[in-house]
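Numbers 44 to 304, taken from this note's numbering, label the letters of the sequence shown in order.
Positions of the beta carbon are idealized from the N, C-alpha and C atoms, including for glycine.
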Amino acid sequence: MSLVALMMIGCTPQEPEDVRGTAPGEPTTPTPLDVDSGSAVLCSDGPAFPDAWAGAVDPERVTTTPYDFAAGIGDILDAAPDQDAASIDIAVTDAVVTNFTEFSGEIDQLWLADSGGGLQTYGVDINLTAEDVAPGDTVSFTATEITTYFSLPELTGLVDLSVTGSGALVYVVDGNTTAVTVTDHLNQNIRGFGELVSEPEGCGGSSVCADFSFGDNTIPLRFAESLGFSAGDCVDVLAPLTVYSGSPQLNIDNNDWVSVY
């Protein structure tokens with residue numbers, strides 16, 4: 044039933060099933076590894092870095108120090124409405140690309156950041172390929188629309204996007220030493236290694252969700268069912284934090300964002 048129909052009969056709209064964006068591209072598919080519950084392997088010991096590194100981000104470019112410069116991302120976030128879309132006219136200069144997804148060779152979404160926080164694009168024509176832009180590059184553009192989709196701010200309109208530099212450090216939150224929250228870390232890269240502590244269950248389309256325990260955090264991890272992960276598997280994740288039903292969630296929108304060890 045549509046939101047309009049719900050409103051007409053006086054019902055409170057419910058947050059829609061989270062069916063967007065899991066692993067839409069053509070990433071490398073990691074080989075699942077089931078860890079025997081009787082094994083001496085402890086997920087908390089972590090992977091043999093960098094052999095099991097997860098992520099499209101070059102580990103040599105990672106920093107755990109937050110950005111201290113304003114590129115305009117914070118201004119866009121400040122202009123985000125409580126819900127729905129708002130027209131804006133905000134110049135962004137040299138924001139850092141912190142992650143991306145691609146589909147059929149074209150960039151599908153960008154994650155951008157400055158000292159004001161992180162922001163993802165959604166439903167806009169990037170007109171770039173993975174050969175044109177990578178995490179650690181900087182971009183400039185004019186933001187024309189910001190949409191809040193059930194507590195998730197998304198940049199849904201921009202013009203005049205250009206790649207302005209490369210070689211910047213990519214801010215990544217160390218989830219094994221940090222309490223991950225929506226307030227502090229939404230749309231920021233989270234790196235965590237630990238254990239899947241529940242069996243995956245369907246949570247929209249071909250995706251499944253399982254509770255992922257890393258450091259002092261336990262957060263739902265949403266991934267393609269075809270990866271074959273199960274409870275007890277040790278996984279290493281580097282992915283932007285999203286929000287679902289008001290709580291943090293990590294979506295593996297690119298299978299290169301997760302590996303097993």
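Item: Chain-order list of residues whose beta-carbon lies under 8 Å from that of G160 (same chain, five-residue window excluded); Value: I116, G117, L120, L229, N230 and Q231
Item: Cβ-based neighbour list, P218, same chain, cut-off 7 Å, excluding 5 preceding and 5 following; Value: For clarity, residue 218 is Gly in the given sequence; the question names Pro instead. Excluding sequence neighbours, G218 sits near I233, R234, G235, F257, G258 and N260.
Item: Per-residue DSSP class, three states only, for P102; Value: helix
Item: P263, buried or exposed, once every other Cβ within 10 Å from all chains shown has been counted against 16; Value: buried
Item: Element boundaries [alpha helix (DSSP H), containing G115]; Value: Looking at the DSSP string, G115 is not in any alpha helix (DSSP H), and its letter there is neither H nor E.
Item: A66 to L270 span [Cα, whole Å]; Value: Any reading at A66 is ruled out, since the residue's pLDDT is 43, under 50, leaving its predicted position unreliable.
Item: Among A186, Q292, V251 and A222, nearest to I133 - alpha-carbon criterion; Value: A186
Item: With 16 other Cβ atoms within 10 Å as the buried cut-off, status of F112; Value: exposed
Item: Supposed close pair D137, T144 - CB separation, criterion 8 Å; Value: Contact doesn't hold; Cβ gap of about 22 Å is too wide.
Item: Residue range of the unbroken alpha helix (DSSP H) whose run includes T190; Value: Counting along the chain, T190 falls outside any alpha helix (DSSP H), though it belongs to the beta strand (DSSP E) covering T181 to Y192.
Item: Local Cβ density within 10 Å of P196, reported as buried at 16 or more and exposed below that; Value: buried
Item: 8 Å Cβ cutoff met for T191 and P124; Value: yes
Item: Length of the line joining the Cα atoms of A177 and V140; Value: 7 Å
Item: Backbone CA spacing between F13 and A274 [nearest angstrom]; Value: Because the chain in this structure spans residues 44 to 304, residue 13 falls outside the shown range and cannot be described.
Item: Nearest neighbour of A129, chosen from A173, L198 and F255 [CA to CA]; Value: L198
Item: From Y287, Y110 and P90, residue whose alpha carbon lies closest to that of V216; Value: Y110
Item: Among A122, N170 and N142, nearest to Q163 - alpha-carbon criterion; Value: N142
Item: Which of helix, strand or coil DSSP assigns to N232; Value: strand
Item: CA nearest to the CA of G248, picked from V105, R265 and S241; Value: R265
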